[in-house]
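Below is one structure, written out as structure tokens; comments come after it.
Chains as they are written, first to last, in our numbering: chain A, 1 to 99; chain B, 1001 to 1177.
Take a look at the structure:
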């Protein structure tokens, strides 16, 4: 069980690191928001599943599920609000020149 | 403003109370009584203001839709990770208009939320009064303005698969919103 939970946490960490690299490499706020959404959709999910497996059957698992549900409801709202604010303030999304 | 049924008031208070017990984690009487009083107060304060009456069949269908969405999230996460780790950074971001015929606000909100939850696509606007001139073709309240990081990420939107899935969820449902 412990090995399984470590595997899940490592997989979650992989996506968190990729997201961090993405935030550095991508050109503008719009595409960086995509990288950040990688963190909360799969990164946080795998980390929390790993933690739940580590806990076994206990009250804390219900808390983990509550955190997960809140993350999945709130993160899209926050991302959408940020992107809409950027667009409405007149920021132009980065385009590839060659196309 | 439609008052909420008393059954729903009790249901909501119970749900709040369960959350209270879960988060406080203590079972002595002072916590339980305080939690009970507070959950009923909060539920009662909100009772006159919410038109929301739970439609369990619809919520069931939404829960059945979630596994499909999760599969999509995993697929596009892997795709986006490949893009980011590729040394050439082969991204091609674009804004695109997605027309929908869902016709209900709840369905459009579910669609916008699913789009944003999927890495690689973000809903930027739903109503179209403040959209950049280039994209504001005609006033269409059901169109979504989506920022996608490349063509593959936008695939399910341009092909209409996501919209079809959501239309299926809301099919045969009495219109409330």
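Here a beta-carbon is modelled for each residue, glycine too, at the ideal position from N, C-alpha and C.
Identify, in the order they occur along the chain, each residue of the same chain with its Cβ nearer than 6 angstroms to the Cβ of residue 79 (chain A), setting aside the five sequence neighbours on each side. Working through the first chain from its first residue, we reach residue 79 (chain A) at position 79. 33 and 37, listed in sequence order.
So, does the CB of residue 1116 (chain B) fall closer than 8 angstroms to a CB anywhere in chain A? Here residue 1116 (chain B) is taken as the residue at index 116 of the second chain, counted from 1. Residue-level contact check: residue 1116 (chain B) touches chain A, since one or more beta carbons of chain A fall below 8 angstroms from its beta carbon.
Under 7 angstroms, CB to CB, which of the residues in the stretch 69-91 of chain A have a partner in chain B? Those would be 72, 76, 79, 80, 83, 84, 87 and 88, in chain order.
Start-to-end residues for the alpha helix (DSSP H) that takes in residue 1124 (chain B): The residue labelled residue 1124 (chain B) in the question sits at position 124 within the second chain. No alpha helix (DSSP H) contains residue 1124 (chain B), which is instead part of the beta strand (DSSP E) from 1121-1125.
When burial is assigned at 16 or more other CB atoms within 10 Å of the CB, is residue 1138 (chain B) buried or exposed? As a position in the second chain, residue 1138 (chain B) is number 138, starting the count at 1. At residue 1138 (chain B) the pLDDT is 48, less than 50, meaning the model places this residue with poor confidence; the figure from the coordinates comes in the next sentence. With fewer than 16 Cβ atoms within 10 Å of its Cβ, residue 1138 (chain B) is classed as exposed.
In this structure, what does DSSP give as the bridge partners for residue 1144 (chain B)? To locate residue 1144 (chain B), count along the second chain from 1; it is residue 144. Partner(s): B:1098.
What in chain B is Cβ-close to residue 8 (chain A), meaning under 8 angstroms? The residue labelled residue 8 (chain A) in the question sits at position 8 within the first chain. Under the 8 angstroms cutoff, chain B gives no residues; its nearest Cβ is about 13 angstroms from residue 8 (chain A).
Distance check for residue 1082 (chain B) and residue 16 (chain A), CA to CA, integer angstroms please. Counting from one through the first chain, the residue named residue 16 (chain A) turns up at place 16. Counting from one through the second chain, the residue named residue 1082 (chain B) turns up at place 82. Put simply, the backbone Cα of residue 16 (chain A) is about 14 angstroms away from that of residue 1082 (chain B).
Given that a residue counts as buried once 16 or more other Cβ atoms are within 10 Å of its Cβ, and exposed if not, what is residue 1126 (chain B)? Locating residue 1126 (chain B) in the second chain gives position 126, where the first residue counts as 1. Burial call: buried.
Given that residue 103 (chain A) touches chain B, what residues does it touch there, using C-beta distances under 7 angstroms? Since the first and last residues shown for chain A are 1 and 99, residue 103 (chain A) lies out of range.
Span separating the alpha-carbon of residue 28 (chain A) from that of residue 1091 (chain B): Translated into positions along the first chain, residue 28 (chain A) becomes position 28. Translated into positions along the second chain, residue 1091 (chain B) becomes position 91. Straight-line measurement puts the Cα of residue 1091 (chain B) at about 12 angstroms from the Cα of residue 28 (chain A).
Counting Cβ pairs, one atom from each stretch, are 3 or more of them under 8 angstroms apart for the stretch 82-99 of chain A and the stretch 1003-1018 of chain B? Under the Cβ criterion (8 angstroms, minimum of three pairs), the stretch 82-99 of chain A does not count as touching the stretch 1003-1018 of chain B.
Using C-beta distances below 7 angstroms, list every residue in its chain close to residue 1042 (chain B), excluding the 5 sequence neighbours before and after it, in chain order. Locating residue 1042 (chain B) in the second chain gives position 42, where the first residue counts as 1. Only 1016 meet the Cβ criterion.
Taking the C-alpha atoms as reference points, what is the distance between residue 1150 (chain B) and residue 1107 (chain B)? Counting from 1 along the second chain, the entry for residue 1150 (chain B) is found at position 150. Counting from 1 along the second chain, the entry for residue 1107 (chain B) is found at position 107. Straight-line Cα distance between these residues: approximately 25 angstroms.
Pull up the distance between the alpha-carbon of residue 10 (chain A) and that of residue 51 (chain A), whole angstroms please. As a first step, residue 10 (chain A) is located in the first chain; it is residue number 10 there, counting from the start. As a first step, residue 51 (chain A) is located in the first chain; it is residue number 51 there, counting from the start. Looking at the backbone, the Cα of residue 10 (chain A) and that of residue 51 (chain A) are separated by about 11 angstroms.
Output, in sequence order along the chain, the residues in the stretch 1151-1166 of chain B whose CB is closer than 7 angstroms to any CB in chain A. Per Cβ criterion, the list is empty.
Counting only the same chain and skipping the five closest in sequence on each side, list residues whose C-beta sits under 8 angstroms from that of residue 1142 (chain B). As a working note, residue 1142 (chain B) is residue 142 in the second chain. Non-local C-beta neighbours of residue 1142 (chain B) in its own chain, meaning closer than 8 angstroms and more than five positions away in sequence, comprise 1099, 1100, 1101, 1102, 1103 and 1108, ordered along the chain.
Assigned secondary structure, residue 58 (chain A) (DSSP; H/G/I helix, E/B strand, else coil): Your numbering for residue 58 (chain A) matches position 58 in the first chain. Residue 58 (chain A) falls in the coil class under three-state DSSP.
The stretch 1081-1095 of chain B: which residues have C-beta closer than 7 angstroms to a C-beta of chain A, in chain order? For the stretch 1081-1095 of chain B, which is checked against every Cβ of chain A, the residues closer than 7 angstroms are 1081, 1084, 1085, 1089, 1091, 1092, 1093 and 1095.
By the 10 Å Cβ neighbour count, where 16 or more other Cβ atoms means buried, how is residue 75 (chain A) classified, buried or exposed? Within the first chain, numbered from 1, the residue matching residue 75 (chain A) stands at position 75. The residue is buried, with at least 16 neighbouring Cβ atoms inside 10 Å.
If you scan the stretch 59-90 of chain A from start to end, which runs of the alpha helix (DSSP H) of 4 or more residues do you find wholly inside it? The qualifying runs are 59-88.
Closer than 9 angstroms by beta-carbon distance: list the chain A residues that pair up with residue 1112 (chain B), in chain order. Mapped onto the second chain, residue 1112 (chain B) falls at position 112. For residue 1112 (chain B), the C-beta contacts it makes with chain A under 9 angstroms involve 76 and 80, in order along the chain.
Using only the alpha-carbon positions, how far apart do residue 20 (chain A) and residue 1066 (chain B) sit? By 1-based counting over the first chain, the position of residue 20 (chain A) is 20. By 1-based counting over the second chain, the position of residue 1066 (chain B) is 66. Cα to Cα, residue 20 (chain A) sits roughly 27 angstroms from residue 1066 (chain B).
So, with DSSP's three-state summary, where would you put residue 1091 (chain B)? Within the second chain, residue 1091 (chain B) is the residue found at index 91, counting from 1. Residue 1091 (chain B) sits in coil when the DSSP states are folded into three classes, being neither helix nor strand.
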